[in-house]
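Note sheet for the following structure.
Here is the structure:
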């Protein structure tokens, strides 16, 4: 055991932290400003950065430092005044070691050549998927997906598992989550949501042509910026740009960037997109000072991350209280054509619930059902209980059963999402978890601040922002998702909060 | 000697190549889009990238690979078909080894702690310089410059030298150049230019108020883009953005970005700035396919790089032939207020020669004299034959002697440039070398294509672009500057080409 283990560990930790942000800049720039032909070398640059990060995590220096630090969890005397790094508190030290342990262990289990084979297969796979989607032909994509699937099963085996090979994949995105928890949670959700859904759809019909009014890009952007200003989006630490697929990216502890896209004849895309990404952005901007610059300054899981975007987009951004303030501003200053539209029509339009084929266009009620289907299918694929030949039919049957409509071709069915072509098995559930966490957290906020929606009605978000920051953001990765959920809401993740939220909003 | 030396060398070479581009992206983003508070971590990110590059260059793996490759200059059988990299031709192999030898040797000579001490001193130095410049007080900056100077002399000693400690510093920016060549070259230039300058200034007076006409940013940008289009600036591989200090940056083999700034009441800043940076940009976009992705795909020296920007800005962009085509377009489509201005007045205005205090605002004739002063002074500082206490007076005396005017305070005198605060001693001469190379290359072009300016008069740049590409750009770093100059022009660098250019343009 070296005497300077902690110093070394903090150094590698900070280097990995910096390199991840550099890698994020490469990705952000690729989606926003990079000239088109830059893509080839950009892919090489990103791949090299990922390799450098992987090498640091799996290095002998890291292993020794981590082992040394674990034997000697006191830190202050080693880093001290001369160190670049502030000493961690005991709670943070434990979380820091737990998190590094997990990462080093995972990284060391994955054979290097599997990483490069997967990287190659998914790189080819994405191109083939795009082509197959365009031609609405699953068979074009099938052999490439087969290859990705074989390698992903290999990955699951390398990562080791007890119950299902899906568990270690899920764990990558949602640390601590397992099928044994997820399956009953989702099953309960399905069972309770199905009957409610029928009733909601029956009462939810509305003429929503007001959403399709021509609305110039520049005006949409100005309105979006105005909302961001009201939320307190800190421009000196953040940006809003345009990209084909909206995303949030963290490029530095004081540098978080969100993107959106503008559809000049369907403004909800941009407006709710901006509010959604701002939710992600505020999370990454809110990590506590005492963990900034370390591995702990990250979202605890993708599900919790998604809870922040959905909290803002749906619980706040589609709430009557929100538009009580913003609807008059929207129609008076940005979209005069709304003048003729009654407030209630507008509100019903942005909250219209109906069965739809495409996940990313789904409303907040049917959305989780799209995820349930994907979870069931991808779990079966990984467990090898569903063959790829049967996948398209299983998809279509599942859609009919869960949501009540059937795709007419693979392009609007099994081929709609990019995730499998990227090898991202285990990712989809985090979207639904985000929805569930968001509703559970929203319920806690309302319990704690019963009058908070009065503020929202006045265009004020201070209480909401501060509550999320104090209860969720500052903690970063310090508490596992399950523990964080209990701290915030007093109970474990429970789909009843979401069901109650839906009931109150749509069936009151 | 390992058997796979070449393979290893090519791999490290390519990784360094990629990491340099990543570092360029970090710098480009910092100057263009980064939110203001991102700067602190960005500095850490850039510093880490520079460390990683330095570690790769000075690694034992690199040393062994380079030694092995030098003993065994055949390459094909080792890289072959399976290699990621195309085999180099024998000429390129020799250049590749020469270049890496030079870099590894330099990098290994510099003690690591000197790098970090210099980095710290210049980081503080730049802040102090900015403050001192604002307050026009050299004494505020003096102790920090003293420290930088001491460390820079240490650097020169570490790099070793025969004649002057200035030589190894100059060599960093202009490989192969030495005071023994530069001093007589500059002395000749001074001697011959001085009497011509008096005559030119006497005849160069013109009412240049047309340059100060209000010209909205957007219109300036559109006009600049139009010129770039005519030059064939390849937007699929390039960008134009805005920054406080214009620059060109290469972020990938197909990703070169230039910036400019817009002054709404003095358009030459943006227009000639864009043409200038486009010259740099075309160089980096024009490296031959057979050297792309290697260390050879870089400008051979800063002097040659600057020759490309000055060739475009001055030899072409300020030429009567250029504006014969563009003046009517400018006044008819972009700046109607020019209607009343005779063509000759406009042309004389953009070529007006007069003594001025600030280098970056100087005309093309007096510009080299600004450099001659800086060369003389910084060389004396490094050689310790001029004390810092005497520097401001030496500056003012030199200005009076060379250019005929005297600064009234340090802000417009010795404190005007950032370079010394960055520790960039040896950089200034490359600006004057660029001017000289540009005139010499322009003379070759006219000799080879006597009618090329007729094309320029018609807004066509195909011959100019192609000639520069074939004669300069494709070669990258394959030939040293001196050899390249002889290849392009048939003779070594000679200030008579510039003197002749000035004589013909201004004293015909």
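Residue numbers (my numbering), protein chains in the order written: chain F, 24 to 531; chain Z, 24 to 531.
Note that CB positions come from ideal geometry on N, CA and C, so glycine has one too.
- Within 8 angstroms: the Cβ of residue 299(Z) and any heavy atom of the ligand ADP? This structure simply doesn't include the ligand ADP, nor any ligand for that matter.
- Count the other CB atoms, across all protein chains shown, that sit within 10 Å of the CB of residue 412(Z); report buried if there are 16 or more and exposed otherwise. The residue given as residue 412(Z) occupies position 389 in the second chain. So residue 412(Z) ends up on the exposed side.
- If you draw a straight line from the alpha carbon of residue 24(F) to that of residue 188(Z), how long is it in whole angstroms? Residue 24(F) sits at position 1 when you count from the first residue of the first chain. Residue 188(Z) sits at position 165 when you count from the first residue of the second chain. Caution is warranted here: a pLDDT of 47 is assigned to residue 24(F), below 50, making its placement in the model unreliable, and no coordinate value can be reported.
- Task: Assess, as a yes-or-no matter, whether the region 164 to 172 of chain F is touched by the region 454 to 461 of chain F under the definition of 3 or more beta carbon pairs within less than 8 angstroms.
- Result: no
- Between the C-alpha atoms of residue 425(F) and residue 436(F), what's the straight-line distance to the nearest angstrom? Counted from its first residue, the first chain places residue 425(F) at position 402. Counted from its first residue, the first chain places residue 436(F) at position 413. Near 14 angstroms, if we compare the C-alpha coordinates of residue 436(F) and residue 425(F).
- Item | C-alpha distance - residue 252(Z) paired with residue 245(Z), whole-angstrom precision | Residue numbering aside, residue 252(Z) sits at position 229 when the second chain is read from its first letter. Residue numbering aside, residue 245(Z) sits at position 222 when the second chain is read from its first letter. Each residue's Cα considered, the two are about 10 angstroms apart.
- Query: Taking Cβ positions only, does residue 56(F) come closer than 9 angstroms to chain Z?
  - Reply: Stepping through the first chain from its first residue, residue 56(F) is reached at position 33. Yes, residue 56(F) counts as interfacial toward chain Z.
- Query: Do you know whose CA, among 415(Z), 372(Z), 393(Z), 475(Z), lies nearest residue 234(Z)'s CA?
  - Reply: Position 211 of the second chain, counted from the start, is the residue given in the question as residue 234(Z). It is 372(Z).
- Can you tell me whether DSSP reads residue 511(Z) as helix, strand or coil? Start at 1 with the first residue of the second chain, and residue 511(Z) comes out as number 488. It is helical.
- Query: In terms of alpha-carbon separation, which member of 129(F), 95(F), 241(F) lies closest to residue 117(F)?
  - Reply: Numbered from its first residue, the first chain carries residue 117(F) at position 94. It is 95(F) whose Cα lies nearest to the Cα of residue 117(F).
- Query: Are the region 377 to 392 of chain F and the region 208 to 223 of chain F touching by the rule of at least three beta carbon pairs closer than 8 angstroms?
  - Reply: yes
- Item | Exposure label - residue 289(Z); buried when at least 16 CB within 10 Å | The residue given as residue 289(Z) occupies position 266 in the second chain. Result: exposed.
- Cα separation between residue 133(Z) and residue 66(Z)? Along the second chain, read from residue 1 onward, the residue named residue 133(Z) stands at position 110. Along the second chain, read from residue 1 onward, the residue named residue 66(Z) stands at position 43. Their Cα atoms are separated by approximately 22 angstroms.
- Message: Short of 7 angstroms Cβ to Cβ, which residues in the region 247 to 261 of chain F face chain Z?
- Response: 258, 259, 260, 261
- Query: According to the Cβ coordinates, are residue 478(Z) and residue 485(Z) closer than 9 angstroms?
  - Reply: Your numbering for residue 478(Z) matches position 455 in the second chain. Your numbering for residue 485(Z) matches position 462 in the second chain. Cβ atoms of residue 478(Z) and residue 485(Z): closer than 9 angstroms.
- Please confirm if residue 24(Z) has its CB atom under 9 angstroms from at least one CB of chain F. By 1-based counting over the second chain, the position of residue 24(Z) is 1. For residue 24(Z), the predicted model reports a pLDDT of 47, less than 50, meaning its position is unreliable and no value from the coordinates is stated.
- Query: DSSP puts residue 271(Z) in a beta bridge; with which residues?
  - Reply: The residue you call residue 271(Z) lines up with position 248 of the second chain. According to DSSP, which records beta bridges pairwise, residue 271(Z) is partnered with 281(Z).
- Query: Buried or exposed: residue 190(F), going by 16 or more other Cβ atoms within 10 Å of its Cβ?
  - Reply: For this step, residue 190(F) is matched to residue 167 along the first chain. Buried: at least 16 other Cβ atoms inside 10 Å.
- Could you list which residues in chain F have their beta carbon closer than 9 angstroms to that of residue 63(Z), in chain order? Residue numbering aside, residue 63(Z) sits at position 40 when the second chain is read from its first letter. The answer, in chain order, is 275, 276, 277.
- Task: Answer with buried or exposed for residue 272(Z), where buried requires no fewer than 16 other C-beta atoms within 10 angstroms of its C-beta.
- Result: Within the second chain, the letter at position 249 stands for residue 272(Z). Per the 10 Å Cβ criterion, buried.
- Task: Residues of the region 372 to 395 of chain Z with a CB closer than 7 angstroms to any CB of chain F: list them in chain order, please.
- Result: none
- Below-9 angstroms beta-carbon distance, residue 44(F) vs any chain Z residue: On the first chain, position 21 is the one that residue 44(F) refers to. Residue 44(F) counts as touching chain Z.
- Could you spell out where the alpha helix (DSSP H) holding residue 192(Z) opens and where it closes? The count along the second chain starts at 1 and reaches residue 192(Z) at position 169. Where residue 192(Z) is concerned, the enclosing alpha helix (DSSP H) stretches over 189 to 196.
- Per DSSP, residue 263(F) forms a beta bridge with which residues? For the purposes of this step, residue 263(F) is taken as the residue at position 240 of the first chain. DSSP lists 281(F) as partners of residue 263(F).
- Message: Can you confirm whether residue 316(Z), when its beta carbon is compared against all beta carbons of chain F, has any partner nearer than 9 angstroms?
- Response: Counting from 1 along the second chain, the entry for residue 316(Z) is found at position 293. For residue 316(Z), the answer is yes, since a Cβ of chain F falls inside 9 angstroms of its Cβ.
- Query: Relative to the alpha-carbon of residue 369(F), which residue among 356(F), 350(F), 381(F) has its alpha-carbon at the smallest distance?
  - Reply: What you label residue 369(F) is simply residue 346 of the first chain in a count that begins at 1. Comparing Cα positions, the closest option is 350(F).
- Task: Quick one: list the residues of chain F neighbouring residue 331(Z), beta-carbon separation under 7 angstroms, in chain order.
- Result: The residue you call residue 331(Z) lines up with position 308 of the second chain. Per Cβ cutoff of 7 angstroms: no residues; residue 331(Z) is ~20 angstroms from chain F at best.
- Query: The alpha helix (DSSP H) with residue 369(F) in it runs from where to where?
  - Reply: As a working mapping, residue 369(F) is identified with position 346 in the first chain. Residues 366 to 373.
- Message: I'd like the list of long-range same chain contacts for residue 337(Z), defined as Cβ closer than 6 angstroms, with 5 residues on each side in sequence excluded.
- Response: Numbered from its first residue, the second chain carries residue 337(Z) at position 314. 387, listed in sequence order.
- Item | residue 265(Z) to residue 127(Z) span [Cα, whole Å] | Locating residue 265(Z) in the second chain gives position 242, counting from the first residue. Locating residue 127(Z) in the second chain gives position 104, counting from the first residue. Computed Cα separation, rounded: 36 angstroms.
- Can you give me, in chain order, the residues of the region 88 to 99 of chain F that have a beta carbon less than 7 angstroms from any beta carbon in chain Z? none
- Go through the region 374 to 454 of chain Z residue by residue and report every complete run of the alpha helix (DSSP H) that reaches 4 residues or more, in order. 390 to 405, 414 to 425
- Query: Does the beta carbon of residue 59(Z) come closer than 9 angstroms to any beta carbon on chain F?
  - Reply: Here residue 59(Z) refers to the residue found at position 36 when the second chain is read from its first residue. Cβ-Cβ to chain F under 9 angstroms: yes for residue 59(Z).
- Query: Is the CB-CB distance between residue 456(Z) and residue 326(Z) below 9 angstroms?
  - Reply: Numbered from its first residue, the second chain carries residue 456(Z) at position 433. Numbered from its first residue, the second chain carries residue 326(Z) at position 303. Yes. Within cutoff.
- residue 39(Z) versus 255(Z), 138(Z), 318(Z), residue with shortest Cα-Cα distance: Here the question's residue 39(Z) lines up with position 16 in the second chain. That would be 318(Z), whose Cα lies nearest to the Cα of residue 39(Z).
- Query: What three-state label does DSSP hand residue 320(F) in the structure shown?
  - Reply: Taking the first residue of the first chain as position 1, residue 320(F) is located at position 297. Coil at residue 320(F), not helix or strand.
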